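Visitor:
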Amino acid sequence: MDDNKKKQIAKDVYMLSEENVYKILDSFGKNQNVDITLTYCFVKAFYIRVVAVYMRNHGRAEDFDGIYSEYKRELLEYYKKNNTNIPDDLLKDIAEAFDKSFDIIESLDFKMIEDSYEFRHHIVDTFELLRKILEKKSKEDIRVDIFENHVSKIKAEAEDIIVYIEKELKNAP
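If you count by numbering that gives the first Met the number 0, then the sequence shown holds residues 0 to 172, one letter each, in order.
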C-alpha cells in the first residue's frame, strides 16, 4: 500500500470517529472534572486499535504502522488547528497520551472484532477501564452510565470503520 493511500485511510478513519467522540465528551457535562484531552486521545486510540486488529487479522499488519503514524499526525493537527498557540511540549504530551492509550487498549489483547457479542463486551471493558483511569486522575467518581450509554454508538461507528477498511484493503495492492 502506498503512502498516499495510508494517509487517506488515516484521515478518513479519523473523521469517521469524530462525531461520537464529541457526543461522549458532551455527556460529561460541566459538572464532571474530567481530563478531556485524555478522554479524546483514548477514544481515538480505541478506533485506530480496531483498524489494527482488523488489518492484523487479515494479513495486512505491515501497512498498519504507516496508517497509525498518519492518524496520530491527524490528531496533532487537530490540536494545532484548534489551539493555535499550543506549545510543542504540550503537543508532545498529547502524542504520548495517545500512544499510551493505544498501548493500554492493545494490552487487553482483544482479537475477535468479527464476533459481535465479544466485540461489544470488549467495548464495555475498554471504556470501563477509561472510566477508572479518569476517576483515579480526577479523584472523583465518574458516572458509570457515561460510557454505557454510548456502547451501541461506539460499536456501530467501529463497525462502519471496519466496513470502510475492508473496502479500502480490497482496492489496495
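Every residue, glycine too, gets a C-beta built ideally from N, C-alpha and C.
Just so we're clear, the structure is a prediction, and the values are computed from it rather than from any experiment.
Quick one: measure Cβ to Cβ for Leu133 and Ile141, integer angstroms, because I've assumed they're closer than 8 Å.
Guide: Indeed, because the Cβ distance is near 5 Å, the residues count as touching under 8 Å.
Visitor: Taking only the alpha-carbon atoms, compute the straight-line gap between Lys4 and Thr83 and give it to the nearest angstrom.
Guide: Going from the Cα of Lys4 to the Cα of Thr83 covers about 28 Å.
Visitor: Looking at C-beta atoms only, is the number of pairs between the region 37-48 and the region 9-22 that lie closer than 8 Å three or more?
Guide: Segments in contact, yes.
Visitor: To test your reading of the DSSP string, which unbroken alpha helix (DSSP H) runs of 4 or more residues are found completely within the region 54-119?
Guide: Fully enclosed alpha helix (DSSP H) runs of 4 or longer: 60-81 and 87-106.
Visitor: Are the CB atoms of Arg48 and Glu105 nearer to each other than 8 Å?
Guide: Going by C-beta atoms, Arg48 is nearer than 8 Å to Glu105.
Visitor: Hey, would you say Ile93 sits closer than 8 Å to Leu107, going by beta carbons?
Guide: It is not a contact, given that the beta carbons lie outside the stated cut-off.
Visitor: Going along the chain, which residues of its own chain have a beta-carbon closer than 7 Å to the beta-carbon of Lys6, five neighbours each way excluded?
Guide: Excluding sequence neighbours, Lys6 sits near Glu69.
Visitor: Mapping the DSSP letters down to three states, classify Met0 as helix, strand or coil.
Guide: The answer is coil: DSSP assigns Met0 none of H, G, I, E or B.
Visitor: Kindly list the residues whose CB is nearer than 7 Å to the CB of Asn81, restricted to its own chain and excluding five residues on each side of it in sequence; keep chain order.
Guide: None.
Visitor: With respect to the alpha helix (DSSP H) encompassing Glu147, which residues constitute its N-terminal and C-terminal limits?
Guide: Residues Asp144 to Glu147.
Visitor: Whole angstroms are fine: how far does the CA of Ile66 sit from the CA of Gly58?
Guide: Rounded to the nearest angstrom, the two C-alpha atoms are 15 Å apart.
Visitor: If you measure between the beta carbons of Arg130 and Lys154, is that distance less than 8 Å?
Guide: Contact: no.
Visitor: Terminal residues of the continuous alpha helix (DSSP H) containing Val155?
Guide: The question names Val, but residue 155 is Ala in the sequence shown. Val150 to Asn170 is the extent of the alpha helix (DSSP H) around Ala155.
Visitor: I think Phe97 touches Ala44, with their Cβ atoms under 8 Å apart; what is that distance to the nearest whole Å?
Guide: At roughly 6 Å, the Cβ-Cβ gap stays under 8 Å, so Phe97 and Ala44 are in contact.
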